[in-house]
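Student: To start, I am sharing the structure in question, which I have written as C-alpha cells.
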Amino acid sequence: MSTFMLGSKQLNYTIVSNIFIDKYMADARGEYIKVYLLGLKYCQSGELGATSNIISSSLNLLESDVLDAWKYWNEKGIIKLTSIDSNDNYRVEFLDLTNCNFSEVDQSVNLLHELDNSSNKSMFFEIEALIGRPLSSKEMTVYLGWQKDFNFSPELILLLIQYSVSKGKTDFRYIEKIAIGWHDAKISNISDAQQFIKQNEDKRITMRKILKYLGLSSENIAKPQEQILDKWITIYKFPIEIIYKACDICFERLNKAEFKYIDAILNSWFKTNVKTLQDIERVNKKSFKSNATRKTKGSFGDFEQRNYDFKELEKKLLGWSKDD
Numbered sequence: 061m062s063t064f065m066l067g068s069k070q071l072n073y074t075i076v077s078n079i080f081i082d083k084y085m086a087d088a089r090g091e092y093i094k095v096y097l098l099g100l101k102y103c104q105s106g107e108l109g110a111t112s113n114i115i116s117s118s119l120n121l122l123e124s125d126v127l128d129a130w131k132y133w134n135e136k137g138i139i140k141l142t143s144i145d146s147n148d149n150y151r152v153e154f155l156d157l158t159n160c161n162f163s164e165v166d167q168s169v170n171l172l173h174e175l176d177n178s179s180n181k182s183m184f185f186e187i188e189a190l191i192g193r194p195l196s197s198k199e200m201t202v203y204l205g206w207q208k209d210f211n212f213s214p215e216l217i218l219l220l221i222q223y224s225v226s227k228g229k230t231d232f233r234y235i236e237k238i239a240i241g242w243h244d245a246k247i248s249n250i251s252d253a254q255q256f257i258k259q260n261e262d263k264r265i266t267m268r269k270i271l272k273y274l275g276l277s278s279e280n281i282a283k284p285q286e287q288i289l290d291k292w293i294t295i296y297k298f299p300i301e302i303i304y305k306a307c308d309i310c311f312e313r314l315n316k317a318e319f320k321y322i323d324a325i326l327n328s329w330f331k332t333n334v335k336t337l338q339d340i341e342r343v344n345k346k347s348f349k350s351n352a353t354r355k356t357k358g359s360f361g362d363f364e365q366r367n368y369d370f371k372e373l374e375k376k377l378l379g380w381s382k383d384d
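This note's numbering runs 60 ahead of the 1-based position in the sequence shown.
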C-alpha cells in the first residue's frame with residue numbers, strides 16, 4: 061500500500077483548471093481523471109495525504125490503478141510525482157497548468173488520407189452499423205491510432221466493437237477501456253481475442269453462480285467484492301465446489317453471507333495448498349491434532365509440583381519467630 065503526500069491549500073471547493081478540461085481530460089482514461097480530481101480536492105481542502113487504499117476505496121478502483129494514474133499525469137507534466145522512500149510512498153505536487161508547455165506536435169492521423177484506404181473505410185462503415193450512430197472524427201482518429209499504437213488490425217477492432225455491443229455497451233469510453241485491456245493483455249490477433257473473451261465470459265459465469273449460491277444479485281455487487289471474486293477464480297484458481305464449501309462454512313458460523321469471512325477461509329486454504337474437498341479434510345484433521353496436542357501439553361498435570369513446609373508457613377502467618 062502506497063501513501064501520497066499532498067501539498068495543502070485550504071479551500072471549501074475544488075478549482076479545476078480549464079486547461080486540464082480542454083487539453084487533457086478528453087484523452088485520459090476515466091479512472092485517471094477520477095484520481096486527479098480527488099487528489100486535487102484533497103490538496104485544496106487541506107488534506108496532508110491519502111493512502112492508495114483510501115483513494116481506491118473512494119473511487120471503486122484497484123490500488124494499482126491509483127499509482128498508474130499518478131504516473132500517467134506525471135508523464136503528462138501536470139503533476140510532479142516524487143518518491144519519498146523505498147516503500148512506494150510519494151509526494152504529489154499539482155503544477156500550475158498555465159506554465160505548462162502545450163507546443164506538442166499534433167500526432168493525429170490525416171483522416172482524409174486514411175479514408176482513401178478501402179479497409180479503413182469499410183471498418184468505419186461496419187462500426188457505425190454496429191453502434192447505430194455516425195462516428196465522430198475523434199473516434200475515427202482513435203480507432204486508426206489503435207492500428208498503429210496497439211497493432212490492432214481492422215478485423216480485430218471490429219471484433220472488439222462486436223464484443224462491446226454484445227454486452228449492451230456502445231459508449232466510446234467503454235470501448236476504449238476494453239481496447240486498453242486487450243492491449244495490456246498482449247492481444248494482437250483474432251485467435252488471442254476469442255480465447256480472451258471465452259476466459260472472461262467463463263469467469264463471469266462462475267461469478268454469477270457463486271453470487272446465486274450466496275443469494276446475491278450480480279447487479280448489486282460492488283467493485284471491491286467483484287475483485288475478491290476475481291481473486292478466488294483467477295489467482296487462487298479454486299474449483300467452484302471449494303468456494304461453495306467456504307460459503308457453507310460461513311453460513312454455518314455466521315448465518316449470513318460475509319465476503320471477508322469467506323475470503324479469510326479461502327486465503328487460509330490457498331496457503332495450505334488446498335485443491336480438492338479431500339484436501340480440506342486433510343487440513344482439518346491436521347488442525348484438530350495440533351489443537352489436541354496443545355491442550356494436552358497445557359493440562360494441569362504438566363505443571364511442576366512444589367513441596368511446601370506447611371508448619372514453617374503457619375509460623376510465619378502467626379508471626380512466630382524461629383526462637384519461639
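Ideal placement from N, C-alpha and C gives every residue a C-beta, glycine not left out. The structure presented is a predicted model; accordingly, all values stated were derived computationally and were not measured.
At what residues does the beta strand (DSSP E) containing Glu153 begin and finish?
Tutor: Mapped onto the sequence shown, residue 153 falls at position 93. Where Glu153 is concerned, the enclosing beta strand (DSSP E) stretches over 150 to 154.
Student: Taking its Cβ as the centre, do 16 or more other Cβ atoms sit within 10 Å of Gln287, making it buried, or is it exposed?
Tutor: Residue mapping note: residue 287 aligns to position 227 of the sequence shown, counting from 1. Result: exposed.
Student: Taking DSSP's pairing of strands, which residues face Lys140 in a bridge?
Tutor: Reading the sequence shown from its first residue, position 80 is the one you call residue 140. BP columns for Lys140 point to Glu153.
Student: Could you give the DSSP three-state label for Ala306: helix, strand or coil?
Tutor: Walking along the sequence shown from the start, residue 306 turns up at place 246. It is helical.
Student: Between Lys97 and Lys272, what straight-line distance do the alpha-carbon atoms span, to the nearest angstrom?
Tutor: Taking the first residue of the sequence shown as position 1, residue 97 is located at position 37. Taking the first residue of the sequence shown as position 1, residue 272 is located at position 212. Strictly speaking, residue 97 in this sequence is Leu, with Lys absent from that position. Taking the straight line joining both Cα atoms gives about 36 Å.
Student: Going by C-alpha to C-alpha distance, which of Ser62, Thr230, Leu141, Ile340 sits closest to Arg193?
Tutor: Along the sequence shown, read from residue 1 onward, the residue named residue 193 stands at position 133. When only C-alpha atoms are compared, the closest one is Thr230.
Student: Evaluate Tyr73 with the Cβ neighbour count: other Cβ atoms within 10 Å of its Cβ, from every protein chain shown; 16 or more gives buried, anything less gives exposed.
Tutor: Counting from 1 along the sequence shown, the entry for residue 73 is found at position 13. When all chains shown are included, Tyr73 counts as exposed.
Student: Within its chain, find whatever has a CB closer than 6 Å to the CB of Ser143; leave out the 5 residues flanking it on each side and keep chain order.
Tutor: Within the sequence shown, residue 143 is the residue found at index 83, counting from 1. Closer than 6 Å at Cβ, skipping near neighbours: Tyr150.
Student: Evaluate Gly99 with the Cβ neighbour count: other Cβ atoms within 10 Å of its Cβ, from every protein chain shown; 16 or more gives buried, anything less gives exposed.
Tutor: Against the sequence shown, residue 99 aligns to sequence position 39. So Gly99 ends up on the buried side.
Student: Please specify which runs of the alpha helix (DSSP H), each continuous and at least 4 residues long, are wholly inside the stretch 159 to 240, giving them in chain order.
Tutor: 171 to 174, 178 to 191, 197 to 209, 214 to 226, all fully within the stretch 159 to 240.
Student: Mind checking whether Asn180 and Glu188 have CB atoms under 9 Å apart?
Tutor: On the sequence shown, residue 180 is found 120 positions in, with the first residue counted as 1. On the sequence shown, residue 188 is found 128 positions in, with the first residue counted as 1. No, the pair does not count as a contact, with Cβ atoms beyond the cut-off.
Student: With H, G and I counted as helix, E and B as strand and the rest as coil, what does DSSP make of Gly106?
Tutor: Residue numbering aside, residue 106 sits at position 46 when the sequence shown is read from its first letter. Coil.
Student: With C-beta atoms as the reference, is Leu141 less than 9 Å away from Glu153?
Tutor: Taking the sequence shown and counting its residues from 1, the one referred to as residue 141 is at position 81. Taking the sequence shown and counting its residues from 1, the one referred to as residue 153 is at position 93. Yes, the pair counts as a contact, with Cβ atoms nearer than the cut-off.
Student: DSSP state of Val126, grouped into three classes?
Tutor: Indexing the sequence shown from 1 puts residue 126 at position 66. Correct three-state label for Val126: helix.
Student: What residues in its chain sit with their C-beta under 8 Å from that of Ile300, if we drop five residues either side in the sequence?
Tutor: As a working mapping, residue 300 is identified with position 240 in the sequence shown. Excluding positions up to five away in sequence, the list reads Thr266, Lys269, Ile270.
Student: For a test of the three-state rule: what should DSSP assign to Glu318, helix, strand or coil?
Tutor: Translated into positions along the sequence shown, residue 318 becomes position 258. It is coil, neither helix nor strand.
Student: State yes or no: is the C-beta of Ile238 within less than 9 Å of the C-beta of Tyr223?
Tutor: Walking along the sequence shown from the start, residue 238 turns up at place 178. Walking along the sequence shown from the start, residue 223 turns up at place 163. Contact: yes.
Student: Measuring only the C-alpha atoms, how far is Lys101 from Ala282?
Tutor: To locate residue 101, count along the sequence shown from 1; it is residue 41. To locate residue 282, count along the sequence shown from 1; it is residue 222. Their backbone Cα atoms lie some 24 Å apart in a straight line.
Student: Sort Lys83, Trp242, Ile75 by Cα distance to Lys136 and report the nearest one.
Tutor: In the sequence shown, the residue the question calls residue 136 occupies position 76. Selected option, being the one with the closest Cα: Lys83.
Student: How would you write the range of the alpha helix (DSSP H) that Pro284 sits in, first residue to last?
Tutor: Translated into the one-based positions of the sequence shown, residue 284 becomes position 224. Looking at the DSSP string, the run of the alpha helix (DSSP H) that includes Pro284 is 283 to 290.
Student: For Leu218, which of Asp244, Lys227, Phe184 has the nearest alpha-carbon?
Tutor: Locating residue 218 in the sequence shown gives position 158, where the first residue counts as 1. Ranking the options by Cα distance to Leu218, first place goes to Phe184.
Student: Starting from Ile265 and walking both ways along the alpha helix (DSSP H), at which residues does that stretch end?
Tutor: Start at 1 with the first residue of the sequence shown, and residue 265 comes out as number 205. Ile265 -> alpha helix (DSSP H) spans 250 to 273.
Student: Just verifying my parser: in three-state terms, what is the DSSP assignment at Ser118?
Tutor: For the purposes of this step, residue 118 is taken as residue 58 along the sequence shown, with counting starting at 1. It is helical.
Student: Judging by CA-CA distance, which residue of Ile257, Ile93, Leu108, Ile191 is the nearest neighbour of Trp133?
Tutor: Within the sequence shown, numbered from 1, the residue matching residue 133 stands at position 73. Answer by Cα proximity: Ile93.
Student: Taking C-beta to C-beta, are Ile393 and Ala306 nearer than 9 Å?
Tutor: Only positions 61 to 384 of the chain appear in this structure, which leaves residue 393 out of reach.
Student: Are the CB atoms of Glu91 and Leu108 nearer to each other than 9 Å?
Tutor: In the sequence shown, the residue the question calls residue 91 occupies position 31. In the sequence shown, the residue the question calls residue 108 occupies position 48. No, Cβ-Cβ distance for Glu91 and Leu108 is not below 9 Å.
Student: Drop a sphere of 10 angstroms on the beta-carbon of Ser328, count the other beta-carbons inside from all chains shown, and report buried for 16 or more, exposed for fewer.
Tutor: Taking the first residue of the sequence shown as 1, we reach residue 328 at position 268. Result: exposed.
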